[in-house]
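Chains as they are written, first to last, in our numbering: chain A, 1 to 114; chain B, 115 to 226. Each residue gets a CB set at the ideal place from its N, CA and C atoms; glycine is no exception. Take a look at the structure set out below.
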C-alpha cells in the first residue's frame, strides 16, 4: 500500500536556529509533495507545493528563504525551517500525490521552539 | 483565488444519527473532491473522494454527493459512532492542477 513517512516525529529547537524535516513516500511515486503547517492559532495552511520537474510554488506568507524545500526524486522531499521562532511552532504535514490521485499524508513533524 | 468553503465549523449529533458536512467551491474546473479526517493530535487520513464524472459515491456508512451546478459537495455519515468524532476537511482540485484547495474543517462531535 501507499505510505508516507515523516521524520523526525517531534523536534525541539532553540529560537533562531534551524531544523530540517523529511518526507518519504513508499509504494507510489510522489510526483507532487505539499507541505502544510497546522498551528494552534491557525488552521491548516499550505506552505508550498512541489511538483517534480517544476518550480516549487510557495503560498503567500511563506518564502523559499524561510522554508527551503528539496524534492529531488519521486520518493523523497525535505523542508527546512530556517531561523525558527515561536510563531513557527506547529505540526508540519507532508502530503504526497501520484498525479491526481489521492494525497497521502505523513504523521507529521511536531516542532516546538524554545 | 479559488476557494473551498466549509460552512459548519462544528457539528454535534447523537450517536446513531446521521451527520452531513457541506462544502462549496468556486473553481468550475474542479474535478476531484476528497475528504479527510483528523483525529485529535494526529495527521490527516483519507476518508473518501469523488470525481466529477459521477454525482454520488458510497463506501459503507459514508456517501459523498456532488452537485456540479451548485458547486457543492457533501459528506454524509450514517449510523454515527463515537470513533467518527474528528475534524473533517474537504478539498477540491482541477485535473490539470496538483494543488488541493482546502476547506477550513468541521469538527464533528458524536454525543452518547
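Within the chosen definition, does the region 145 to 154 of chain B reach the region 202 to 213 of chain B through at least 3 CB pairs nearer than 8 Å?
-> Yes: at least three Cβ pairs fall under 8 Å.
Residue 180 of chain B classed as buried or exposed, judged by whether at least 16 other C-beta atoms fall within 10 angstroms = Translated into the one-based positions of the second chain, residue 180 of chain B becomes position 66. Looking at its Cβ environment, which holds 16 or more other Cβ atoms inside 10 Å, residue 180 of chain B is buried.
Does DSSP classify residue 179 of chain B as helix, strand or coil?
-> Here the question's residue 179 of chain B lines up with position 65 in the second chain. DSSP places residue 179 of chain B in the strand class (E or B) of the three-state scheme.
Any idea which residues DSSP pairs residue 113 of chain A with across the strands?
-> By one-based count along the first chain, residue 113 of chain A stands at place 113. According to DSSP, which records beta bridges pairwise, residue 113 of chain A is partnered with A:13.
Given a cut-off of 8 Å, decide if residue 127 of chain B and residue 188 of chain B are closer than it, judged by their beta-carbon atoms.
-> The residue given as residue 188 of chain B occupies position 74 in the second chain. The residue given as residue 127 of chain B occupies position 13 in the second chain. No; because the gap between Cβ atoms is not below 8 Å, this pair is not in contact.
How long is the line joining the alpha carbons of residue 111 of chain A and residue 93 of chain A, rounded to whole angstroms?
-> The residue given as residue 111 of chain A occupies position 111 in the first chain. The residue given as residue 93 of chain A occupies position 93 in the first chain. Straight-line Cα distance between these residues: approximately 11 Å.
Under the DSSP definition of a beta bridge, which residues are partnered with residue 38 of chain A?
-> On the first chain, residue 38 of chain A is found 38 positions in, with the first residue counted as 1. As DSSP reads the structure, residue 38 of chain A sits in a beta bridge with A:44, A:91.
Is there a Cβ from chain A that is less than 8 Å from the Cβ of residue 216 of chain B?
-> In the second chain, the residue the question calls residue 216 of chain B occupies position 102. Chain A places a beta carbon closer than 8 Å to that of residue 216 of chain B, counting this residue as a contact.
The beta strand (DSSP E) spanning residue 5 of chain A covers which residue range?
-> Position 5 of the first chain, counted from the first residue, corresponds to residue 5 of chain A. That run of the beta strand (DSSP E) goes 3 to 7.
Across which residues does DSSP place residue 105 of chain A in a beta bridge pair?
-> Walking along the first chain from the start, residue 105 of chain A turns up at place 105. Checking the DSSP bridge columns, you'll see residue 105 of chain A partnered with A:95.
Count the other C-beta atoms from every protein chain shown that fall within 10 angstroms of the C-beta of residue 18 of chain A, then say buried if there are 16 or more, exposed otherwise.
-> Indexing the first chain from 1 puts residue 18 of chain A at position 18. Residue 18 of chain A should be labelled exposed.
What are the residues that DSSP puts in a beta bridge with residue 80 of chain A?
-> Residue numbering aside, residue 80 of chain A sits at position 80 when the first chain is read from its first letter. Paired residues: A:20.
Range covered by the beta strand (DSSP E) that runs through residue 73 of chain A = Here residue 73 of chain A refers to the residue found at position 73 of the first chain. Taken as a continuous stretch (DSSP letters only), the beta strand (DSSP E) holding residue 73 of chain A covers 69 to 73.
From the beta carbon of residue 107 of chain A, is the nearest beta carbon of chain B less than 8 Å away?
-> Walking along the first chain from the start, residue 107 of chain A turns up at place 107. Closer than 8 Å to the CB of residue 107 of chain A there is at least one CB belonging to chain B.
At a Cβ threshold of 8 Å, is residue 130 of chain B touching chain A?
-> Against the second chain, residue 130 of chain B aligns to sequence position 16. Not closer than 8 Å to any Cβ of chain A, the Cβ of residue 130 of chain B fails to qualify, so no.
Grouping DSSP H, G and I as helix and E and B as strand, with all else coil, what is residue 148 of chain B?
-> Reading the second chain from its first residue, position 34 is the one you call residue 148 of chain B. Secondary structure at residue 148 of chain B: strand, using DSSP grouped into helix, strand and coil.
Is there a Cβ from chain A that is less than 8 Å from the Cβ of residue 163 of chain B?
-> Counting from 1 along the second chain, the entry for residue 163 of chain B is found at position 49. Taking Cβ atoms only, chain A reaches closer than 8 Å to residue 163 of chain B, which makes this a yes.
Buried or exposed: residue 15 of chain A, going by 16 or more other Cβ atoms within 10 Å of its Cβ?
-> Taking the first residue of the first chain as 1, we reach residue 15 of chain A at position 15. Here residue 15 of chain A is exposed, its C-beta having fewer than 16 other C-beta atoms within 10 Å.
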